[in-house]
Amino acid sequence: MLNPYRVFYETREEDANAARELVAKTRNFLLYHSFLGNDHTIQTYDHMEQGLAARANSYQRQSESFGVDNSFSTDSPGTRSFFNDEIKEKMRELVEPRTPSASDQDIDSRGGWEELIHCAEIYAEEVLYLQHHSDSPINVSEAIQFMTLKLSFRCFIDLDIAIKEWHQRVEQFYSDFLFIAREMNRLTNAATTAPPATPLNWKDQTALHAALRTVIGPDTDYDPLAPFINPMNYLIPAYEHVWTVVLRGVIEVLTPSENSPKWQESLQSFVGPEEDGERIWDTDDDEEHKIPPADIIKEILRLHPPIRHVRRQVTAGDSEVFTDITKCHRSELLAPGDPLEFRPERWRQLRQAYCHGDTAQDIKTKERQLGFMPFGLTCPSDSLEASDFGMKLIAVLVGVFCGLLQDTWNLEPLSSLPRPLDSDRNAFQDLMLDDEDDEDHFGGAIDQLSDRMETAL
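Using our numbering, the first residue of the sequence shown is number 79, and each one after it goes up by one.
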């Protein structure tokens with residue numbers, strides 16, 4: 079089979095050059111506005127302050143809507159470094175396995191990806207069980223929002239309430255989490271669309287503050303009304319930038335196609351039991367019959383990047399400048415021949431065309447040169463220290479949700495949805511999940527949940 083990358087570059091030189099120019103402009107924009115030089119080293123202090131101010135200006139409405147002071151909203155290099163370093167440290171601790179002590183009261187104390195996968199499974203079971211027994215179809219978008227938000231709390235918020243309490247009071251906390259998710263979506267919509275007649279003020283969101291305090295616990299270092307220690311500093315990037323990707327990933331993977339069963343099997347190899355003490359993420363490119371989980375997540379992110387446009391407002395009050403990440407991802411430079419089609423197999427073809435024997439960092443660099451920049455250039459979750467944390471977290475959520483459905487549930491006909499999938503954050507809000515034959519296939523889920531908690535506690 080001819081490699082589509084080589085066919086495109088060799089037979090459509092003019093189109094290839096135009097695509098290269100688009101990607102080069104986008105990368106240069108990101109380099110300049112990400113405080114990096116062409117060699118990806120941090121630029122001068124003065125330029126960093128200018129860049130931070132330009133980002134803070136663009137982020138002002140969201141800062142006001144959520145009452146935050148974080149690495150997106152600050153013009154202080156010190157504040158940016160503090161938050162970035164803290165996030166990197168949290169991610170490092172999350173993926174490091176540990177041996178639980180006899181006194182550990184957590185729902186799961188194994189650490190590493192095993193713990194995060196275990197938690198995601200419980201959260202998925204909770205939402206499917208609770209929505210199913212409300213005698214109405216399950217809203218897929220709300221289910222994924224709940225899972226993503228709860229796992230975001232688990233990952234990035236130091237809780238006063240022990241995790242076990244979430245599971246002892248499932249229904250109460252389910253309502254709180256779903257309310258927080260809905261309110262975050264409402265505030266994000268207001269902050270990212272045309273200015274509302276009455277600007278939203280974070281101090282007025284008292285019901286949301288109360289729900290946050292209930293979930294986090296009374297004696298914590300977080301305060302929704304203190305910008306620097308507002309939990310939204312962590313929840314916005316962990317939840318708002320992820321759940322829309324997970325929703326579209328689930329739709330793409332479950333849409334019937336020739337290779338859909340292989341994609342689902344591949345993701346289960348990451349979220350299922352470890353193989354020889356390791357979780358499968360990448361596979362050898364000589365294993366043509368296997369599709370690595372990493373390639374499926376890359377393809378989800380290619381079509382549905384968490385941030386579609388990077389915006390900067392150099393001077394407060396001026397018009398914004400921006401670059402289009404989605405346009406780069408959907409160019410034929412990165413996906414020759416079928417840029418709007420979901421086809422994870424393309425990533426092996428890319429490596430075969432360009433990356434013989436290269437290191438992981440070399441491959442990442444080549445992918446960026448071809449336009450793949452789902453997290454920009456400086457996101458902590460995409461750093462070398464993070465070991466693909468952002469992509470793996472998406473794999474956990476997509477893999478667990480798809481795996482739990484199995485053949486028991488019927489997702490509304492997905493093949494009839496227009497392609498490419500609608501990128502508006504409010505799309506698919508009416509997508510429902512039904513029990514295939516109206517039987518209580520999930521009736522034992524709450525018993526399983528209770529057994530898990532009794533064992534852990």
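The beta carbon of each residue, even a glycine, is placed where N, CA and C say it ideally should be.
For clarity, every value in this text was computed on a predicted model and none was experimentally measured.
Which residue or residues does DSSP assign as beta-bridge partners of residue i?
i	result
residue 401	388
residue 356	353
residue 216	511
For residue i and residue j, what's the separation of their Cα atoms in angstroms?
i	j	result
residue 214	residue 473	28 Å
residue 465	residue 168	13 Å
residue 115	residue 103	Low per-residue confidence applies at residue 115: pLDDT is 45, beneath 50, and the placement is therefore not dependable, though the value from the model is reported in the following sentence. In a straight line, the C-alpha of residue 115 is about 14 Å away from that of residue 103.
residue 161	residue 281	23 Å
residue 495	residue 475	22 Å
residue 140	residue 291	21 Å
residue 504	residue 216	17 Å
residue 411	residue 249	48 Å
residue 313	residue 232	10 Å
residue 142	residue 278	8 Å
residue 349	residue 92	43 Å
residue 287	residue 234	18 Å
residue 190	residue 463	15 Å
residue 507	residue 323	14 Å
residue 136	residue 390	5 Å
residue 164	residue 431	38 Å
residue 428	residue 434	10 Å
residue 105	residue 455	9 Å
residue 270	residue 354	46 Å
residue 436	residue 263	41 Å
Can you list, in chain order, the residues of its chain with a C-beta nearer than 8 Å to that of residue i? Leave out the 5 residues immediately preceding and following it.
i	result
residue 80	none
residue 381	326, 330, 407, 408, 418, 420, 498 and 499
residue 345	331, 371, 374, 473, 476, 477, 480 and 481
residue 492	329, 332, 333 and 334
residue 447	101 and 105
For residue i, which residues in the same chain have their Cβ closer than 6 Å to its Cβ, ignoring the five residues on either side in sequence?
i	result
residue 218	509 and 511
residue 360	370 and 372
residue 89	none
residue 376	425
residue 452	379 and 383
residue 107	401
residue 308	145, 146 and 302
With a threshold of 7 Å on Cβ separation, who are the neighbours of residue i within its own chain once the five nearest residues in sequence on each side are excluded?
i	result
residue 319	384 and 385
residue 479	202, 222, 225 and 328
residue 172	194 and 233
residue 228	201 and 255
residue 148	161 and 311
residue 98	411
Query raised in the report: Are the segment 419-429 and the segment 399-410 touching by the rule of at least three beta carbon pairs closer than 8 Å?
Result: These segments do not touch.
Report task. Kindly provide the ranges of any alpha helix (DSSP H) runs that are 4 or more residues long and lie completely inside the segment 412-480, ordered along the chain. Result -> Counting only runs of 4+ residues, the alpha helix (DSSP H) found wholly inside the segment 412-480 occupies 424-432 and 438-447, in chain order.
**Report entry** Those runs of the alpha helix (DSSP H) which lie wholly inside the segment 265-302 and span at least 4 residues
**Finding:** Within the segment 265-302, the complete alpha helix (DSSP H) segments of 4 residues or longer fall at 284-294, listed in chain order.
Query raised in the report: Just checking, does the segment 298-318 make contact with the segment 193-203 on the three C-beta pairs under 8 Å criterion?
Result: Here the segment 298-318 makes no contact with the segment 193-203; the two share fewer than three CB pairs at distances below 8 Å.
**Report entry** Touch test, the segment 150-159 against the segment 129-139, Cβ-Cβ under 8 Å, three pairs minimum
**Finding:** Touching, per the Cβ criterion.
Requested in this report: Check whether the segment 332-347 touches the segment 441-453, taking contact to mean three or more Cβ pairs, one atom from each stretch, closer than 8 Å.
Outcome: Contact between the segment 332-347 and the segment 441-453 is absent, because fewer than three Cβ pairs lie under 8 Å.
Query - Three or more C-beta pairs below 8 Å linking the segment 81-89 and the segment 406-417 - result: The segment 81-89 makes contact with the segment 406-417: 3 or more CB pairs, one atom from each, lie closer than 8 Å.
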